[in-house]
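Report on the following structure.
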Amino acid sequence: FQYMIILFLVFIVQFSVSCACLALNKEQQSQLLEVGWNNTKSARTDIERSLNCCGFRVFDPYEACSSDCFRNRQCQPCAPIIEEYSEMVLRFVGGIGLFFSFTEILGVWLTYRYRNQKDPRANPSAFL
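Throughout the sequence shown, residue numbering follows mature numbering (1 follows the signal peptide of the UniProt record, and there is no 0), covering -20 to -1, 1 to 108 in sequence.
Okay, here's the thing in structure tokens:
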């Protein structure tokens, strides 16, 4: 009986996270990305280097940047690139999370239905 409760609690957490991933609109997503951008210098440097962009919303040639495009002064801002990736990832994670959360509910129902059955080939509705 305890495993059913644990599975149900995992379902609630996973379902909540999946819904949160799917419910984020572009404005909320943009705000979260900007907060993360402003709070972490090391992540900002890694993102600029790997995505070949400089700055978040606008490219400032007088601000330090670790990207290769900074030498040419022909960089694009990072926000549109990050927003495109994050939107795709949020939709993917939300969809996969919903699939597995409902699979867990199916597991709870199956364990409840067949937990006291002695013979796996027997009819679960029959009197044991």
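Don't be surprised by glycine CBs; every beta carbon is placed ideally from N, CA and C.
Keep in mind the model is a prediction, meaning the values are calculated, not measured.
| Query | Result |
| --- | --- |
| T25 versus V(-8) - alpha carbon distance | 33 Å |
| Sufficient close CB pairs (3 or more, under 8 Å) joining the stretch 27 to 34 to the stretch 47 to 61 | yes |
| Whether C58 touches I27 by CB criterion (8 Å) | yes |
| G75 burial status per 10 Å Cβ neighbour count (16 or more: buried) | exposed |
| S(-3) classed as buried or exposed, judged by whether at least 16 other C-beta atoms fall within 10 angstroms | buried |
| Any 3 or more C-beta pairs closer than 8 Å across the stretch 37 to 45 and the stretch 69 to 89 | no |
| First through last residue of the alpha helix (DSSP H) which encompasses E67 | 59 to 94 |
| Secondary structure of T20, DSSP reduced to three states | coil |
| Under the three-state DSSP convention, the category A3 falls into | helix |
| Other residues of its chain near Y70: CB distance less than 8 Å, five sequence neighbours each side excluded | At residue 70 the sequence reads Leu, which differs from the Tyr that was named. The residues are C1, L2, L4, Q9. |
| Beta carbon of L13 nearer than 8 Å to that of G87 | no |
| Top-ranked residue by Cα proximity to C45, from M(-17), E63, S22 | S22 |
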